[in-house]
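Chains as they are written, first to last, in our numbering: chain A, 277 to 622; chain B, 277 to 622; chain C, 277 to 622; chain D, 277 to 622.
Ideal Cβ placement from N, Cα and C applies to all residues, glycine included.
Written below as structure tokens is the structure these notes are about.
4 protein chains.
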Amino acid sequence: MKALVYRGPGKRSWDEKPKPKLQERTDAIVRIVKTTICGTDLHIMKGDVPTVTDGRTLGHEGTGIIEAAGEGVTNFRSGDKVLISCITSCGKCDFCRKGMYSHCEPGGWILGNRIDGTQAEYVRIPFADTSLYHIVEGADFEALTMLSDIFPTGFECGVLNGQVKPGETIAIVGAGPIGLATLMTSQFYSPAEIIMIDMDQNRLEVSKKFGATKVINNSDGKAIEKVMEITGGKGVDAAIEAVGIPASFDTCQEIVAPGGRIANIGVHGKSVSLRLEKLWAHNITLTTRLVDTVTTPMLLKTVLSGKLQPKQLITHRFQISEIMKAYDTFGNAAKENALKVMLTNE
Amino acid sequence: MKALVYRGPGKRSWDEKPKPKLQERTDAIVRIVKTTICGTDLHIMKGDVPTVTDGRTLGHEGTGIIEAAGEGVTNFRSGDKVLISCITSCGKCDFCRKGMYSHCEPGGWILGNRIDGTQAEYVRIPFADTSLYHIVEGADFEALTMLSDIFPTGFECGVLNGQVKPGETIAIVGAGPIGLATLMTSQFYSPAEIIMIDMDQNRLEVSKKFGATKVINNSDGKAIEKVMEITGGKGVDAAIEAVGIPASFDTCQEIVAPGGRIANIGVHGKSVSLRLEKLWAHNITLTTRLVDTVTTPMLLKTVLSGKLQPKQLITHRFQISEIMKAYDTFGNAAKENALKVMLTNE
Amino acid sequence: MKALVYRGPGKRSWDEKPKPKLQERTDAIVRIVKTTICGTDLHIMKGDVPTVTDGRTLGHEGTGIIEAAGEGVTNFRSGDKVLISCITSCGKCDFCRKGMYSHCEPGGWILGNRIDGTQAEYVRIPFADTSLYHIVEGADFEALTMLSDIFPTGFECGVLNGQVKPGETIAIVGAGPIGLATLMTSQFYSPAEIIMIDMDQNRLEVSKKFGATKVINNSDGKAIEKVMEITGGKGVDAAIEAVGIPASFDTCQEIVAPGGRIANIGVHGKSVSLRLEKLWAHNITLTTRLVDTVTTPMLLKTVLSGKLQPKQLITHRFQISEIMKAYDTFGNAAKENALKVMLTNE
Amino acid sequence: MKALVYRGPGKRSWDEKPKPKLQERTDAIVRIVKTTICGTDLHIMKGDVPTVTDGRTLGHEGTGIIEAAGEGVTNFRSGDKVLISCITSCGKCDFCRKGMYSHCEPGGWILGNRIDGTQAEYVRIPFADTSLYHIVEGADFEALTMLSDIFPTGFECGVLNGQVKPGETIAIVGAGPIGLATLMTSQFYSPAEIIMIDMDQNRLEVSKKFGATKVINNSDGKAIEKVMEITGGKGVDAAIEAVGIPASFDTCQEIVAPGGRIANIGVHGKSVSLRLEKLWAHNITLTTRLVDTVTTPMLLKTVLSGKLQPKQLITHRFQISEIMKAYDTFGNAAKENALKVMLTNE
């Protein structure tokens with residue numbers, strides 16, 4: 277079969293590889309129908325993720341059809357349509373038993389990281405019973421592929437951890453795919469004011485369509501004072517960080533109101549300076565989280581009921597055989613006005 | 277009357293001052309029976325708190341008897357025995373209405389800061405109805421003086437924000453009066469393991485008596501590795517910061533387990549470096565808080581029922597006229613083996 | 277001035293009465309601009325509320341303008357536009373301090389009950405600072421009059437107590453004004469499915485316009501089996517009781533899923549039979565609540581931001597001098613297709 | 277092997293039966309070391325539990341040693357010492373994924389009910405990985421046998437659902453083994469006052485030793501007025517029902533304070549009358565729950581750390597071959613002063 281293979285920093289190829297086989301009784305082999313590329317894959321390509329080694333098939337998002345299921349798999353069988361979670365969960369360890377699948381002892385984020393991933397024609401999914409979700413007849417594979425990672429990430433790390441409540445004023449720093457997924461799912465809780473902050477005017481325009489009540493182009497570096505102006509000097513109830521650099525974290529800690537929350541979603545490569553000399557007395561809560569995907573069943577319901585339309589994030593479509601080109605497009609997201617690129621293997 | 281007056285950095289005096297009068301209808305004048313000195317008063321004496329100006333009477337803790345009550349005061353009258361909260365609460369502003377008295381618009385921490393405080397024979401208490409608590413007949417003024425500040429602070433900022441739960445492993449960094457109040461009140465929630473960390477061996481010995489299951493003297497700078505050893509490499513469920521310097525914050529962020537909480541109590545003068553490059557994926561919660569004293573009624577019940585014995589923290593006693601000497605003792609706490617010093621005006 | 281006066285069971289009159297005066301320093305006198313009639317007023321008229329005695333001015337909802345404010349009132353002054361809460365809160369008692377204003381010791385539901393109410397040209401409001409809310413310039417008095425009682429009631433007793441969550445399936449039994457306010461505010465939390473149950477087809481049609489995804493006319497007594505059919509035999513996550521009779525409570529206890537919630541809003545005159553022989557093992561939560569109006573500030577924000585449009589519930593308008601006729605209309609709600617009747621005093 | 281077999285209402289026998297075998301790959305066979313008898317077993321003997329049919333081996337509590345583990349079992353192997361949960365959890369169904377193991381689709385309470393149980397020399401445990409817990413070297417089998425059912429039941433259904441908090445006043449109606457387990461675990465949250473109510477003076481004396489601050493012998497039917505007297509007419513913050521009859525439920529609904537909780541633990545055979553005509557406005561929360569045993573890992577920690585000493589409940593000890601006599605003793609609990617009877621198979 278064909279797969280997108282990491283060949284060391286800056287190098288990738290669309291290569292022939294052996295089709296994966298069942299290794300454990302709890303494995304399933306899934307034929308990929310749809311997959312996509314994540315910002316994290318670009319980080320990996322820079323060589324920033326040391327657990328990814330030469331020869332690894334990338335990708336941790338996708339939907340497909342069960343090709344084979346191990347004898348220990350009881351929830352799925354051949355031919356079942358499935359959504360693949362970016363987080364593999366054994367369902368038995370202490371972390372899984374308390375709903376923190378991200379830290380599953382034998383699992384967690386391993387797809388396209390410690391084991392081969394979904395940017396291929398087939399993928400092996402360990403602990404299939406607790407790492408896959410059924411796709412009901414008639415549901416849209418493209419829409420559901422958005423639930424592998426970015427929607428649970430935006431919702432759990434941003435909206436739930438940010439404790440967004442009806443009537444509140446929130447700000448989301450970063451209008452990339454994750455920031456936009458956060459914007460869309462934050463509306464489950466009806467905040468009165470949602471301020472999107474980014475430097476890309478196109479993404480801010482998209483934000484308006486997706487429900488932002490205010491947008492701030494921070495090209496002039498004045499986001500903080502603009503937020504304080506909008507909020508009458510009070511700051512926001514929740515500041516959600518969806519970039520992953522010190523500057524965007526700083527914006528969050530400057531705009532959060534006393535009693536407010538900073539919810540970090542971004543993948544950070546460096547430490548940040550936390551202004552405890554001011555914040556110690558501000559009664560704030562700051563959270564971090566690698567997505568657990570515990571809300572995937574709930575998000576599935578909201579997609580099926582039409583409350584959530586994740587497909588709106590897809591800007592480009594390719595055959596999986598064109599994935600090298602898809603990476604180029606996604607890697608030049610600003611120039612290409614790209615949000616999510618959808619890859620089809622049919 | 278006599279009062280302990282701040283005279284600029286490093287200078288204080290026990291001076292004659294006019295007895296305070298009712299200024300607003302919601303004020304009360306309280307004759308002090310017991311008061312004490314807080315670590316914050318030492319910060320003020322260093323000139324670190326710019327809102328405190330020359331001539332200010334210090335002190336934000338105390339118990340006493342109502343001397344006069346304004347016409348708008350309905351809960352108290354002359355002769356009532358009262359506990360003074362370190363936080364003044366109007367009961368009407370948005371922050372008060374949501375239980376965040378620390379940020380009360382006309383109140384908050386003002387005693388011995390923006391207005392004259394409790395280290396005097398008399399003190400004026402604004403918004404008396406919502407800033408004082410009744411002391412029932414027979415209750416111990418010394419014990420209750422400990423509820424003005426340090427017990428609600430340790431309990432709210434440390435224990436409640438740290439979400440301490442039965443069976444958990446927690447660590448408290450700092451075994452001063454606030455750390456010890458945190459240790460004592462953490463036991464309301466029955467953690468299985470409470471690790472106290474400090475560099476003062478005397479305070480660690482006291483910690484053992486007050487319920488610590490492990491103590492670590494960090495004079496050798498090896499607290500982090502010792503905690504990881506005790507916890508089998510997992511870290512602690514809650515790491516509570518009760519010092520207020522970057523080093524103790526660092527200890528907390530290194531020992532917190534995935535899914536755990538860092539609860540900051542310490543008053544910080546500097547920014548700290550937050551290791552988001554590691555913590556972004558550790559699902560942690562970090563909180564800050566200026567005490568709201570919302571739990572004072574509950575703490576009063578636990579003292580009256582004998583569950584909590586705050587008097588154990590008192591190591592030295594003085595007449596209020598000896599307060600200059602009391603400051604010296606408290607200022608040399610390590611040498612004097614001092615925890616809380618109790619001042620009597622009777 | 278003129279007022280609607282209760283004259284014993286079944287008797288009311290639009291009478292001349294003395295204009296109310298300030299009695300306590302914390303009182304305000306409000307000139308009524310808008311008021312309305314509540315289902316509870318009809319209960320009172322039947323003689324079902326023994327605390328209401330002959331001569332009482334009815335009404336606990338309204339908006340107006342401050343005519344006079346006592347010396348102890350600090351948040352409001354003459355000429356301020358205000359929303360009157362149906363719950364009077366002293367802000368100082370134990371219940372108020374924990375946000376349970378419904379049980380305020382000197383307050384609670386007293387307007388149009390233990391003291392004269394709002395169906396008059398003027399009303400005296402005790403504890404004005406903590407029982408009134410500012411109406412900002414340009415806001416709509418009619419819309420805000422809906423926030424005196426029914427919207428906080430539907431939201432707090434139904435939606436918050438019912439713990440409505442995104443993606444869930446909920447049912448509301450009763451499509452009267454309170455049930456409809458519950459329907460509208462439940463959408464703050466984005467349930468996937470909202471089933472309205474009533475016997476009045478007009479109200480069910482209105483429900484559809486207001487966001488119900490399914491409606492059930494229970495005239496045939498088959499609501500329970502229809503709900504079970506809609507939910508695939510599972511039952512609903514939250515069953516909200518908005519009628520106040522044993523039959524509607526029964527519906528709730530039959531349709532709630534294991535792990536679900538029954539939130540009672542209805543004012544009940546009789547005991548109900550609770551099927552513990554079945555429910556003991558169903559892990560359910562049942563709540564009751566007299567509205568606390570703690571969410572009024574939040575609801576105000578959602579009205580001002582356009583998220584909530586409470587005016588949609590108003591079906592009939594009268595001058596306050598026509599209130600006798602307004603009672604007749606509201607008392608024949610089914611025949612008149614009446615939801616809320618709005619009374620104007622201008 | 278030998279087993280205690282149900283032979284229809286009122287009939288049981290200690291019979292020879294075939295030793296259980298692995299049926300599914302996720303099964304384990306456990307050699308029983310300790311087992312006990314539950315109040316529920318007495319209900320079964322009366323014929324009150326229709327799912328239990330003639331020939332069934334009873335018992336859902338126990339500790340033992342793994343004799344054989346299916347190929348799909350990954351957490352346990354032969355020779356491992358284990359605690360058996362009374363609730364069987366598949367770990368994969370929707371209910372298990374949200375921590376509601378009591379409603380596990382293929383599991384739940386099946387041991388000694390739908391399948392053969394633990395009052396035998398050997399037992400087959402389905403879904404062993406998620407229905408057993410490791411017993412560490414040196415731990416006490418007798419103490420841990422108490423964690424199969426009664427301690428998680430008292431803690432989850434009574435203490436957690438009752439939301440017991442520091443400083444509160446709670447009442448537990450029923451001082452049988454479950455009520456006493458509730459009493460012991462309620463102290464994890466440091467209530468100020470714990471009132472035990474029963475008609476058996478011996479059990480009330482035991483309650484005092486276990487931490488009750490007040491006991492009420494309700495032989496005179498005056499428990500309600502006594503509780504109101506103790507609480508100054510306010511009622512209790514949490515009323516925990518640990519009997520399972522209408523009279524004890526009534527006591528709970530009469531003594532709960534406004535804003536309080538009623539937590540039902542009892543297994544009820546009849547409906548009760550819920551006084552909504554009074555309670556609709558009392559802001560109460562009533563919960564029911566079949567134990568989920570989600571807190572078993574936490575309870576294990578508290579036993580190992582010495583915080584909880586469940587062995588104190590054991591009043592009588594027998595060899596498993598004497599189980600017919602043990603049933604007689606437990607069946608005459610009042611006369612025999614029996615709490616839990618411990619059966620040993622060694």
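- DSSP places B:K601 within a helical segment (H, G or I) once states are collapsed to three.
- Residues H379 and C380 of the same chain have their beta carbon placed closer than 6 Å to that of A:F371, with the five preceding and five following residues left out of the count.
- Secondary structure at C:S524: helix, using DSSP grouped into helix, strand and coil.
- A direct Cα-Cα distance of roughly 37 Å separates D:T489 from C:V543.
- Bridge partners of A:I470 according to DSSP: A:I446.
- Taking 8 Å as the cut-off, the Cβ atoms of D:Q299 and D:R400 count as close.
- Within chain A, L552 and W556 have C-beta atoms less than 9 Å from the C-beta of B:G542, given in sequence order.
- In this model, B:E418 and B:R593 are separated by some 10 Å (Cα to Cα).
- Annotation for A:K484: V491 place their beta carbon closer than 7 Å to its own, counting only its chain and skipping 5 residues before and after.
- At a cut-off of 8 Å between C-beta atoms, B:S547 does not count as an interface residue with respect to chain D.
- Proximity of the stretch 517–532 of chain D to the stretch 447–461 of chain D meets the contact definition, three or more beta-carbon pairs being nearer than 8 Å.
- A Cβ-Cβ contact shorter than 8 Å links A:I342 with A:D356.
- Under the three-state reduction of DSSP, B:V281 is assigned to strand.
- By the rule that beta-carbons nearer than 8 Å mark a contact, B:M376 touches chain A.
- C:V349 and C:T406 have their C-alpha atoms some 9 Å from each other.
- No Cβ-Cβ contact shorter than 8 Å links A:I363 with A:G338.
- CA-to-CA, the gap between D:E553 and C:V281 works out to about 26 Å.
- Boundaries of the beta strand (DSSP E) around C:Q595: I590 to Q595.
- With fewer than 16 other beta carbons inside 10 angstroms of its own, D:N608 counts as exposed.
- Membership of A:R373 in the alpha helix (DSSP H) is indicated by the continuous run D370 to R373.
- Taking B:P296 as reference, the option from B:G323, B:V325, B:T316 and B:A344 with the minimal CA-CA separation is B:A344.
- Here D:R283 is exposed. Its C-beta has fewer than 16 other C-beta atoms within 10 Å.
- Against chain C, the CB of B:P402 has no partner CB under 8 Å away; the residue lies outside that interface.
- Across the set D:R332, D:K611, D:A514 and D:A468, the C-alpha of D:R332 shows the shortest separation from the C-alpha of D:Q395.
- Every beta strand (DSSP E) of 3 residues or more that sits fully in the stretch 300–367 of chain C is shown, in chain order, as 304–312, 338–345 and 357–360.
- A Cβ-Cβ contact shorter than 8 Å links A:N559 with B:T564.
- The Cβ atoms of B:L408 and B:F464 lie no closer than 8 Å to each other.
- When the beta-carbon positions are compared, B:N494 and B:I471 stay at least 8 Å from each other.
- Under a criterion of Cβ atoms nearer than 9 Å, the residues of chain A adjacent to B:F525 are, in order, L550 and L552.
- With its beta carbon less than 8 Å from one in chain B, C:T406 belongs to the interface.
- Residue environment analysis places B:T327 among the exposed positions, since fewer than 16 neighbouring C-beta atoms fall within 10 angstroms of its C-beta.
- Across the stretch 468–480 of chain D, CB contacts with chain B closer than 8 Å involve A468 and E469, in sequence order along the chain.
- Two segments are said to touch when three or more pairs of C-beta atoms, one from each, lie closer than 8 Å; by this definition the stretch 439–446 of chain B does not touch the stretch 567–585 of chain B.
- Taken through DSSP and simplified to helix, strand or coil, A:H379 comes out as helix.
- Only those residues of the stretch 591–610 of chain C whose C-beta falls short of 9 Å from the nearest C-beta of chain A would be listed, and there are none.
- Between B:I531 and B:V548, the gap from beta carbon to beta carbon reaches 8 Å or more.
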